[in-house]
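Quick notes on the structure that follows.
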Amino acid sequence: MGAVNDGGTVVVDNIEARRHEPLFKRIGSHFKQYWQLWVLALPSIVFVVIFAYVPMYGVQLAFRKYDITKGMTGGDWVGFQYFEQFFNDPMFKEIILNTFRISLWTLVMGFIAPIILALLINQIGSTKVKGFVQTITYMPHFISTVVMVSMLQIFLSPGTGLLGRFLGRESLMGDPKSFTSIYWISEVWQHMGWNCIIYLAALSSVDLALYEAAKIDGAGRLQLIRYVDLPTIMPTVGVMLILNMGSVLGVGFEKVWLMQNTLNITASEVISTYTYRIGILDNQFSYSTAIGLFNSVVNFVFLVMANAIAKRASNTSIF
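Pasting the structure below:
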């Protein structure tokens, strides 16, 4: 038990004393003191356990030859057979390259655009104009994926489309070389207004005295952005970058699947669509589970690496 001698009086260090208590007693003391907070968080904890951790039980299918008549654990154990099958698949290289190309373009451009938009909106002096611009830019976020893809097909329709009439007789939706550009440009346009909200929230915490001091020193708009705004949002930028790195191979299934056709299949077949095609349409559940697990592991590795780099470079991390 820790103690401090203060002029002949022994003062017990309660914190040090608790550290030497048995584990179960410390846990009980913690719950007794903070039980209200645990009760408040309990619904969220239950939700995460049921919908995030319980389904992980099915990961074992990646290592078993699934037999629907024998249940989840009745198939023969085959180890890494399905992973080797995927790595030796003739389409493996094409699928990985397509996924990385689409994902990286979307990740990089979708990460930069909200920051630029937030910095520009923050420079608007009128509160009403700022609110109007912010509302207009984040409204596309609420357009459903099906409607968005339908809009792309209409706009890019050759001869009659708003953009297609200027782009030749063939629709860009069927051009493999244009698929990636169409995907990430539409993705950035749809979501950058919504994603910039978190940066605007960070910018709202800037002390107005900093702007006044910078203006007195002769700083223009670009200098205000460089020396006041950017340093303010850099911790937020670091956290968002780390979180985004966790979905490097996480190209959305719905939009790619709806945009996919026989003409652009060579550029649009990604891990998520291939998994659906193999697992659901061809009933190869174990094989598709192995592909999905590989995808998750790669995303987790990128997340850990990004967190470690950010923590070392700027002391910003999520764990």
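First residue of the sequence shown: 48, per my numbering; consecutive thereafter. The beta-carbon is built from N, C-alpha and C at its ideal position, and this holds for glycine as well. Fair warning: this is a prediction, and the values are worked out from it, not measured in the lab.
{"Asked": "Beta-ladder partner(s) of Arg367, from DSSP", "Found": "Any question about residue 367 goes unanswered here, given that the chain covers just 48 to 366."}
{"Asked": "Candidates Val86, Arg273, Glu234, of which the one nearest Leu199 by Cα", "Found": "Glu234"}
{"Asked": "Spatial neighbours of Arg268 in its chain, beta-carbon cut-off 8 Å, leaving aside the 5 residues before and after", "Found": "Gln170"}
{"Asked": "Alpha-carbon to alpha-carbon, Met156 and Ile183", "Found": "20 Å"}
{"Asked": "Best match in Met138, Val298, Asn354 for proximity to Ser343 [C-alpha to C-alpha]", "Found": "Val298"}
{"Asked": "Given Gln237 as reference, the closest of Leu219, Val193, Ala248 once Cα atoms are compared", "Found": "Val193"}
{"Asked": "Same chain, Cβ closer than 8 Å to Tyr321, neighbours up to 5 away in sequence not counted", "Found": "Met138, Ile142, Ile338"}
{"Asked": "Assumed close pair Ser315, Val303 - CB separation to whole angstroms, cut-off 8 Å", "Found": "6 Å"}
{"Asked": "Same chain, Cβ closer than 6 Å to Leu223, five either side skipped, listed in chain order", "Found": "Checking the sequence shown, residue 223 turns out to be Pro, not Leu. Asn311, Thr313, Ala314, listed in sequence order."}
{"Asked": "Distance, His67 Cα to Ile74 Cα", "Found": "13 Å"}
{"Asked": "Exposure label - Ser218; buried when at least 16 CB within 10 Å", "Found": "buried"}
{"Asked": "Length of the line joining the Cα atoms of Trp231 and Ala160", "Found": "11 Å"}
{"Asked": "Cα-Cα separation between Gln128 and Leu144, rounded to whole angstroms", "Found": "23 Å"}
{"Asked": "Coarse secondary structure for Val253, derived from DSSP in three states", "Found": "coil"}
{"Asked": "Own chain partners of Val317 with C-beta closer than 7 Å, once the 5 adjacent residues on each side are dropped", "Found": "Ile142, Asn145, Thr146, Ile149, Val298, Val303"}
{"Asked": "Candidates Ala357, Phe78, Arg111, Ala360: closest to Gln331 by CA position", "Found": "Arg111"}
{"Asked": "CA-to-CA distance, Leu296 to Val345, given in whole angstroms", "Found": "8 Å"}
{"Asked": "Segment limits, alpha helix (DSSP H) that includes Lys117", "Found": "Per DSSP, Lys117 belongs to no alpha helix (DSSP H) and is neither H nor E."}
{"Asked": "Selected residue, minimal CA-CA separation from Ser364, among Arg324, Val286, Phe341", "Found": "Val286"}
{"Asked": "With 16 other Cβ atoms within 10 Å as the buried cut-off, status of Phe133", "Found": "buried"}
{"Asked": "Own chain, CB closer than 7 Å to Asn291, minus 5 neighbours either side, in chain order", "Found": "Leu154, Phe158"}
{"Asked": "Length of the line joining the Cα atoms of Leu108 and Val95", "Found": "22 Å"}
{"Asked": "Limits of the unbroken alpha helix (DSSP H) element including Met281", "Found": "277-292"}
{"Asked": "Contacting residues, own chain, Cβ-Cβ under 6 Å from Val125 (five flanking each side not counted)", "Found": "Lys112"}
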